[in-house]
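Scroll down for the structure; my scribbles are underneath it.
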Amino acid sequence: MPSLTLTVRLLTPHSDLWDWQTRALCRTTRADLFFGPDSESRATRIRRERQAQELCRSCPVRHECLRHALDVGEPYGVWGGMTESDRRFGQDRPQLNPQANRKPAKRLRISPRHPRPGRQ
1 MPSLTLTVRL LTPHSDLWDW QTRALCRTTR ADLFFGPDSE SRATRIRRER
51 QAQELCRSCP VRHECLRHAL DVGEPYGVWG GMTESDRRFG QDRPQLNPQA
101 NRKPAKRLRI SPRHPRPGRQ
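With full-length UniProt numbering, letter number 30 in the sequence shown gets 30, and the count goes up by one each step, no holes.
Written out as structure tokens, the structure is:
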């Protein structure tokens, strides 16, 4: 009769996926700055989100945080300096890699059918 043996393979942590979180400035800040209550007034929410965004601006892992929120579709809170509505509607989305989508500047040409500016 064949014996059934269970082979256990220990999983190793993939700390490279979340290691950036250990360097985030928000680790020492109360979570209610980034995640407001449902009963919050609009003016209070705007003030709270601006304070959170101010902290995010000086965070060394801001881009990793934002990339994480966009990748997983995080629906709540301020992540990487973007609010829930910023992420939902794509407003004020900073470029994660500014050089990646940069197109070379086009040189303007004047049509030969039109006179040059300043000349009559």
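Glycine included, C-beta positions come from ideal geometry on N, C-alpha and C.
Just so you know, these numbers come straight off a predicted model, no measurement behind them.
(request) Check TRP20 in the structure and name its three-state DSSP category. (result) helix
(request) Since I believe TYR76 is in contact with GLU84 (beta carbons under 8 angstroms), could you give me their beta-carbon distance rounded to a whole number of angstroms? (result) 6 angstroms
(request) Using only alpha-carbon positions, find the residue among LYS106, GLN21 and GLY90 that is nearest to VAL61. (result) GLN21
(request) Report all residues from its chain with a CB closer than 7 angstroms to the CB of CYS56; omit the five preceding and five following residues, and keep chain order. (result) A distance below 7 angstroms between beta-carbons, with the five flanking residues on each side excluded, links CYS56 to the following residues of its chain, in chain order: ARG62, VAL78, GLY80 and GLY81.
(message) Is the beta carbon of ALA24 closer than 8 angstroms to that of CYS59?
(response) Yes. Within cutoff.
(message) Using a Cβ-Cβ cutoff of less than 6 angstroms, which residues in the same chain neighbour GLY36 once the five nearest sequence positions on both sides are dropped?
(response) Close CB contacts of GLY36 within its chain, under the 6 angstroms cut and outside five residues either way in sequence, are with ARG45 and ARG48 (chain order).
(message) Distance check for ASP86 and GLY73, CA to CA, integer angstroms please.
(response) 12 angstroms
(message) Just to confirm the assignment, what range does the alpha helix (DSSP H) spanning HIS114 have?
(response) Where HIS114 is concerned, there is no enclosing alpha helix (DSSP H), because DSSP gives it neither an H nor an E.
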